[in-house]
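Encoded as structure tokens, the structure appears first; notes follow it.
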Amino acid sequence: MRHAVALACLAAAAAVSAQEATIEYRVSERDTLIGLSETVFIGPQAWREIARLNRLPDPNLIRPGQVLRVPARLMRMRALPVRVSSAVGEVRVGNELVQPGAALAEGQSLQTGANGSAVLALADGSRVRVPPSSLAEIVASRGPGATEADAARLAGDGLFTGVLRMLRGSVEVLAAKLRRTQPLEVTTPTAVVGVRGTQYRVSLDGDSGATRSEVLEGKVKLESPQRSVGTDIAAGFGAAIDAAARAPVPAKLLPAPDLAAMPERFERPLVRFALPTEKDTVRVQVAQDAEFERIVNDQKVTAGSDVRIAGLDDAKWFLRARRLDGQGIEGYDAARAFVLKARPEPPATNTPRSGAKQSLGPVEFNWSPNLEAKSVRLQVASDAAFTQIVAAREGLTGTRETLEVGGPGTYHWRIASTKADGDKGPFSDAQRFELRPLPEPPKGGMGEDGKSLTLAWSGRAEDTQHVELARDPAFKEIVAQADLNAPEWTLPRPSSSGTYYFRYRSIEPDGFVGPYSATLVIEVPRDWRYLWLLTPLLFVL
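Residues in the sequence shown are numbered consecutively from 68, following this note's numbering.
Dropping the structure here:
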């Protein structure tokens, strides 16, 4: 270091015209008045005031080791870099992607993409979170000091000038709690937001040009660029100022929304859930960290709409949401963590389709292949929650499996993928199917009067009964058939004697056609009732 400098910020170190911050400067052997005026102080005109303040007996003489008290305003300002302490997704300065640790100078702008965010670390210890779809310019980042290193140390004591111009989107400022010589400022085309130590947010409406600010801690001053109108905003309040520069009126921040309906685990690539109790628009942000310094998704959800978040990897995530009032002022945050485990995705289920019915017997399960999966897991349960699993298979490498699952009733089936490394994915949505009982054997035969056939069986009142009577067991020679509204059938005695075969099947209201019943064999005897008419012929013979 060229100068032997011992610098410290002295609050109210000396009374000049009023109390102000003063810096101690220790003179080195190489220092001269001309050199100090050109490199340390703001110019030759500053020396007269410095000499008077230090009561130097000879204003034209300085000695090595001498300690001078210099008002901070008379020290030369040094540009201080703004560090990018965090960057995720698309974050650019100009056309270049920015990585954590990069330094930004005055005049440079930082832009975040739709899924990108960054955190800027200012020299005074303040932090500025820049969420997705935002654009901010470093207007000023400087402090007094003999060198940049000295200025950086003094910035931590409040001797710092910081101005950030927001051109699109929003920022969240966590200002270091310092006794500042001048406020840290965020400006927009329609407002100036100044703060001396607080946590607050600033957003710029791209449509109306209105600037909004919400204060979570401390106090800020929101003014028009000309400072013609403005207001102080205390913690727990927000205000807006538009392009017409109407005087802003602070409004109380809305309470945090209710996230009770949000699950803790999601098993589909599209994270989706409802906010059934919300009547306001809600801003939702998703981040990789609980501090929300690595935000990857930022959206506004209108009342009555589902929250839908796409593009997330399987991981633990953090979500926060806040309500917007009629002016667009954002309220307090509600935050929850959730886990996304959606991969490997389950294969697509084919059959049985949801709502399918089939007769009692083996069930063939069929699905489409998943290229990510080495094998498939299959479960069948008698309840939708899969607490009563009746059949399960693992390590299936094909696309179909036939199982006996049980008696008549309603069942549910689902499948899941397993990768080659053993990573098990979530199960598919369950498909419901029904096993219908086999039809009971029919009963009946010749009626008591000998003139008809009477047949009956068990059946539901709402079903249609299709019946067939044939001369052969293969039912190729059908002599009678009908569709009935009741499980019974009476028909005239066939004209020809011999063996007949009967069967039925049920057709349900939704179109499901059950299997044919067991075949009932009916013997129709010869009709001897008219044989007496032949008696006279016997006497003739």
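Ideal placement from N, C-alpha and C gives every residue a C-beta, glycine not left out.
Alpha carbon of residue i to alpha carbon of residue j, nearest angstrom
| i | j | result |
| --- | --- | --- |
| residue 175 | residue 205 | 6 Å |
| residue 199 | residue 395 | 18 Å |
| residue 244 | residue 263 | 7 Å |
| residue 162 | residue 237 | 21 Å |
| residue 73 | residue 179 | Here the model assigns residue 73 a pLDDT of 38, short of 50, so the residue's position is not dependable, and the following value carries that caveat. In a straight line, the C-alpha of residue 73 is about 40 Å away from that of residue 179. |
| residue 321 | residue 293 | 30 Å |
| residue 588 | residue 521 | 13 Å |
| residue 411 | residue 433 | 19 Å |
| residue 425 | residue 273 | 59 Å |
| residue 609 | residue 136 | A query on residue 609 cannot be resolved here, the shown segment of the chain reaching from 68 to 608 and no further. |
| residue 90 | residue 224 | 11 Å |
| residue 196 | residue 240 | 6 Å |
| residue 458 | residue 447 | 5 Å |
| residue 213 | residue 389 | 45 Å |
| residue 76 | residue 126 | Only weak support exists for where residue 76 lies, its pLDDT of 38 falling under 50; the coordinates are left without a value. |
| residue 497 | residue 423 | 13 Å |
Simplified DSSP assignment, three categories, for residue i
| i | result |
| --- | --- |
| residue 605 | Interpretation of residue 605 is limited by its pLDDT of 49, a score under 50 that renders its predicted location unreliable; no figure is taken from the coordinates. |
| residue 175 | coil |
| residue 271 | strand |
| residue 84 | The pLDDT assigned to residue 84 is 42, lower than 50, so where the model puts this residue is not dependable; a value taken from the coordinates is nonetheless given after this. Three-state DSSP puts residue 84 in coil, outside helix and strand. |
| residue 593 | coil |
| residue 235 | strand |
| residue 528 | coil |
| residue 258 | strand |
| residue 202 | strand |
| residue 382 | strand |
| residue 222 | helix |
| residue 170 | strand |
| residue 154 | strand |
Terminal residues of the beta strand (DSSP E) in which residue i lies
| i | result |
| --- | --- |
| residue 446 | 442-448 |
| residue 213 | Neither: residue 213 is in no beta strand (DSSP E) and is coded neither H nor E. |
| residue 106 | Segment 100-106 is the alpha helix (DSSP H) holding residue 106; no beta strand (DSSP E) there. |
| residue 162 | From DSSP, residue 162 is part of no beta strand (DSSP E); its letter is neither H nor E. |
| residue 362 | 362-368 |
| residue 432 | 430-434 |
| residue 402 | 401-407 |
| residue 513 | 510-513 |
8 Å contact criterion, which residue i and residue j should meet: CB distance rounded
| i | j | result |
| --- | --- | --- |
| residue 185 | residue 158 | 5 Å |
| residue 397 | residue 268 | 7 Å |
| residue 229 | residue 251 | 5 Å |
| residue 154 | residue 165 | 5 Å |
| residue 215 | residue 145 | 5 Å |
| residue 257 | residue 282 | That belief does not hold up - the Cβ atoms of residue 257 and residue 282 are roughly 18 Å apart, past 8 Å. |
Residue j beta carbon less than 7 Å from that of residue i
| i | j | result |
| --- | --- | --- |
| residue 138 | residue 105 | no |
| residue 324 | residue 401 | yes |
| residue 314 | residue 276 | no |
| residue 435 | residue 413 | no |
| residue 471 | residue 429 | yes |
| residue 335 | residue 409 | yes |
| residue 484 | residue 437 | yes |
| residue 344 | residue 369 | no |
| residue 571 | residue 546 | no |
| residue 351 | residue 316 | no |
| residue 591 | residue 567 | yes |
| residue 363 | residue 121 | no |
| residue 227 | residue 188 | no |
Residue i: first and last residue of the uninterrupted alpha helix (DSSP H) it sits in
| i | result |
| --- | --- |
| residue 635 | Residue numbering for the chain in the displayed model covers 68 to 608; residue 635 lies beyond these limits and cannot be assessed. |
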